[in-house]
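Report on the structure given below.
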Amino acid sequence: MDFSLRIVERLPKYLQLACHLKELGHKYISSSILSKHFFIDQNNIKKDLSFLNLNGKPNKGYEINEFISAVKMVLGTTTVNKAIVVGSGNLGRAVSNYSNFTDYGLKIVAMFDDSPEKIGGSVENFKILPLDNLSEVITKLGVKLAILTVPAKSAAKVAGKLYDLGIRYFWNFAPVHLKLPDDAIIKNENLAASYMFLSYQINLNTYRNNGGKIEMVNGDIEKRIYEAFNKYAKSRDNLIPILQDVQDIRGYISKEDIRKISDYLNIADSKVYGVATFYNQFKLTQPGHYQISVCRGTACHVKGSLNIINSLKDHLKVEIGQTTRDKIFSLQQVACLGACSIAPVIMINDKFYGHLDVSKTLAIVDKLKADYLSEKEAGKTPAVSMAGQ
Ligand code: FES
Numbered sequence: 045m046d047f048s049l050r051i052v053e054r055l056p057k058y059l060q061l062a063c064h065l066k067e068l069g070h071k072y073i074s075s076s077i078l079s080k081h082f083f084i085d086q087n088n089i090k091k092d093l094s095f096l097n098l099n100g101k102p103n104k105g106y107e108i109n110e111f112i113s114a115v116k117m118v119l120g121t122t123t124v125n126k127a128i129v130v131g132s133g134n135l136g137r138a139v140s141n142y143s144n145f146t147d148y149g150l151k152i153v154a155m156f157d158d159s160p161e162k163i164g165g166s167v168e169n170f171k172i173l174p175l176d177n178l179s180e181v182i183t184k185l186g187v188k189l190a191i192l193t194v195p196a197k198s199a200a201k202v203a204g205k206l207y208d209l210g211i212r213y214f215w216n217f218a219p220v221h222l223k224l225p226d227d228a229i230i231k232n233e234n235l236a237a238s239y240m241f242l243s244y245q246i247n248l249n250t251y252r253n254n255g256g257k258i259e260m261v262n263g264d265i266e267k268r269i270y271e272a273f274n275k276y277a278k279s280r281d282n283l284i285p286i287l288q289d290v291q292d293i294r295g296y297i298s299k300e301d302i303r304k305i306s307d308y309l310n311i312a313d314s315k316v317y318g319v320a321t322f323y324n325q326f327k328l329t330q331p332g333h334y335q336i337s338v339c340r341g342t343a344c345h346v347k348g349s350l351n352i353i354n355s356l357k358d359h360l361k362v363e364i365g366q367t368t369r370d371k372i373f374s375l376q377q378v379a380c381l382g383a384c385s386i387a388p389v390i391m392i393n394d395k396f397y398g399h400l401d402v403s404k405t406l407a408i409v410d411k412l413k414a415d416y417l418s419e420k421e422a423g424k425t426p427a428v429s430m431a432g433q
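Counting from 45, one number per residue, gives the positions in the sequence shown under the numbering used here.
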C-alpha cells in the first residue's frame, strides 16, 4: 500500500509514543491522545490511521499492541533490511555499534573503507573491507541500504559507485548534497546543521545572561524571528517549536507573531492562538521584569498557595497571566515546581522561594520592587537576578 510521505514521516512519531505508553502500562492509544501530544488535528490523525485498518474501541481507542504491530508493518520494521556502512571513522564506528537498530529491522552486515591503513582492521564484529569487495557483498547478502559515513570529498564518488552496484537507498551522514538518479532515495543527516540549531540556542542563552538585551546578540528581533521560521518546514507539526523559538527571542508571543506564524504555516490565526493559549508555557503578553510563578501543585495547595496567589493578585492589581502596568511584575500559576519539600513555593524569574506565607511573599515582592526602582533611579539597568533572598 502506498502512503503519502507526510503520513510516513508522522508514523514513526506515533510509534514511539505508543511504545512509550506501552512501557508505562497503557493498554490503548487513541487518536485524541495522539492529537493532543503532537498538536495535529484529530481528523488528520484519524485519516492517517485509517490506512492501518485497525478497529478501535469507543472511548478507548486502539489496542496498543495491535497499533504498534500495524505501524511497524507499514514502516517495514518487521522485516529485516540489510545495510552496509561505508566509512570506518568515528561516526561509522558509532553507527555500526548502535545495537537498537535491530529493534527496527535494520541489520548492518559489513563495513567498508578505502583507506589502506584501515582495511583489514575491525570494528566490533566487522572486519573492515576494501571497496573492491562491495559488489560481492551487496549481491551475496542482498544489501539494500548504504550508510555513508565517509568524508564529504569522497561521498559523491562512493554513492555513485554504490548506485551502479544496485543500491537505491542511502542514509547519508556526509555533509554534502548527493546527486543521484531519481530512483535513488536519500535521507540526509546533517550534523553541522543540527549543531547550528544548538549554536543558535547558546546565543539565546547569552542573550538571557545579558539581562534580556536581545540587541546585543544577533541584532534585530524581527529578523531573528524570521530566521527562526526558516529553520522549520512549513508543516503544522512545527507549530509548537516555532512558538517556543518566538517566545525565546521576543520574551513573549505578540499578536503580530501569531499572524506571522499563521501565514508561514498556512493555518488559521485562531488555531495558532488556540495552541498558544492552551499551554501555560506560552506568554501572550509582554512579561514583567520579574516573572512570578506561583506553584499550584498539590503540596503547595495544601500549604496555602491559593492565599498566596490571591494576595499577589490584590497587591499587584493583576490577574493571572497579566503584567503590572509598570511592567515590573507578571504573575502566573504553574504546576508542581519540583520543590515540594519547601512548599508553598514561588519562583521569581529563575529563583525559588519556599516555606512562604502571604506576608513573606508580599515582603519579597515589595523589596524587589524597591530595589528595581532605586536602580532605575540611579540610571542603572535593574539586574534580573534576585535581591533580598
Ligand atoms: S507542589 Fe509546589 S513544588 Fe511541588
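Where is the CB? At the ideal position from N, CA and C, for every residue including glycine. Just so you know, these numbers come straight off a predicted model, no measurement behind them.
Option in the options with minimal Cα separation from residue i
i                 : options                        : result
glutamate 300     : Asn169, Phe322, Tyr270, Ser279 : Tyr270
leucine 235       : Glu107, Asn216, Gly120, Met117 : Asn216
leucine 328       : Gly341, Val290, His345         : Val290
threonine 193     : Asp158, Lys184, Lys275         : Asp158
alanine 114       : Gly164, Leu222, Val130, Cys63  : Cys63
glutamine 330     : Leu59, Ile293, Val118          : Ile293
valine 346        : Lys357, Ser385, Phe373         : Ser385
aspartate 370     : Leu189, Gly382, Asp92, Tyr334  : Tyr334
aspartate 358     : Lys278, Ala199, Val409         : Val409
glutamine 60      : Asp313, Asn87, Phe396, Ile112  : Ile112
glycine 382       : Glu419, Thr342, Thr367, Leu360 : Thr342
phenylalanine 396 : Val338, Ser74, Ile211          : Val338
arginine 212      : Cys344, Ile128, Gly105         : Ile128
glycine 348       : Val316, Ile390, Asn310, Asn141 : Ile390
alanine 387       : Arg340, Thr367, Leu68, Lys278  : Arg340
aspartate 226     : Phe214, Val220, Glu233, Glu107 : Phe214
isoleucine 84     : Thr367, Ser279, Gly136, Lys420 : Ser279
glycine 105       : Leu78, Val118, Thr122          : Leu78
aspartate 176     : Ile163, Asn169, Ile73, Ala138  : Ile163
valine 139        : Glu168, Thr123, Ala272         : Glu168
arginine 137      : Thr121, Leu417, Ser166         : Ser166
isoleucine 172    : Gly131, Tyr276, Pro102         : Gly131
leucine 119       : Ser306, Ala199, Lys57, Ile392  : Lys57
lysine 71         : Ser94, Glu110, Arg54           : Glu110
alanine 190       : Pro174, Asn125, Tyr142         : Asn125
isoleucine 89     : Thr368, Ile336, Arg54, Asn134  : Arg54
isoleucine 302    : Val316, Tyr142, Asn87          : Val316
asparagine 310    : Phe326, Ile336, Ala277         : Ala277
tyrosine 308      : Asn274, Lys197, Gln325         : Asn274
lysine 66         : Ile51, Ile108, Ala218          : Ile108
methionine 117    : Val362, Val52, Asp281, Ser179  : Val52
glutamate 266     : Leu283, Ile230, Lys304         : Lys304
asparagine 134    : Lys361, Tyr416, Pro195, Leu222 : Pro195
Residue i - partner residues in DSSP beta bridges
i              : result
tyrosine 308   : Answer is none; tyrosine 308 lacks a bridge partner.
lysine 327     : Per DSSP, none; premise fails for lysine 327.
tyrosine 106   : Ile73
aspartate 157  : Pro174
cysteine 339   : Val378
isoleucine 152 : Ala127
tyrosine 334   : Phe373
serine 166     : Lys171
Residue range of the alpha helix (DSSP H) that includes residue i
i            : result
valine 181   : 178-185
serine 140   : 134-141
tyrosine 270 : 265-274
tyrosine 317 : 313-322
tyrosine 207 : 196-208
leucine 283  : 283-294
Residue i at chain C interface by Cβ criterion, 8 Å
i             : result
aspartate 281 : Here there is only one protein chain, and chain C is not present.
Where the beta strand (DSSP E) containing residue i begins and where it ends
i              : result
alanine 190    : 189-192
lysine 231     : 229-232
asparagine 216 : 213-216
Quiz item: Residue ranges of each beta strand (DSSP E) run of no fewer than 3 residues wholly in the stretch 347-432, ordered along the chain?
Solution: As far as the stretch 347-432 is concerned, its whole beta strand (DSSP E) runs of at least 3 residues are 373-378, 390-392, 395-397.
Exercise. Take every Cβ of the stretch 400-419, pair it with every Cβ of the stretch 339-352, and state whether three or more of those distances are shorter than 8 Å.
Key: yes
Practice problem: Any chance you could list the alpha helix (DSSP H) runs of at least 4 consecutive residues sitting entirely within the stretch 81-125, in chain order? | Solution: 86-94, 108-119
Quiz item: Okay, do the stretch 177-192 and the stretch 151-167 touch, 3+ Cβ pairs below 8 Å being the bar?
Solution: Yes, since at least three Cβ pairs between the stretch 177-192 and the stretch 151-167 fall closer than 8 Å, the two stretches touch.
Practice problem: Pair every Cβ in the stretch 310-322 with every Cβ in the stretch 284-298, then say whether three or more of these pairs are closer than 8 Å. | Solution: The stretch 310-322 is in contact with the stretch 284-298.
Quiz item: Using 8 Å as the Cβ pair cut-off and three pairs as the minimum, do the stretch 134-146 and the stretch 203-210 touch?
Solution: no
Quiz item: Three or more beta-carbon pairs under 8 Å between the stretch 295-309 and the stretch 88-99, yes or no?
Solution: no
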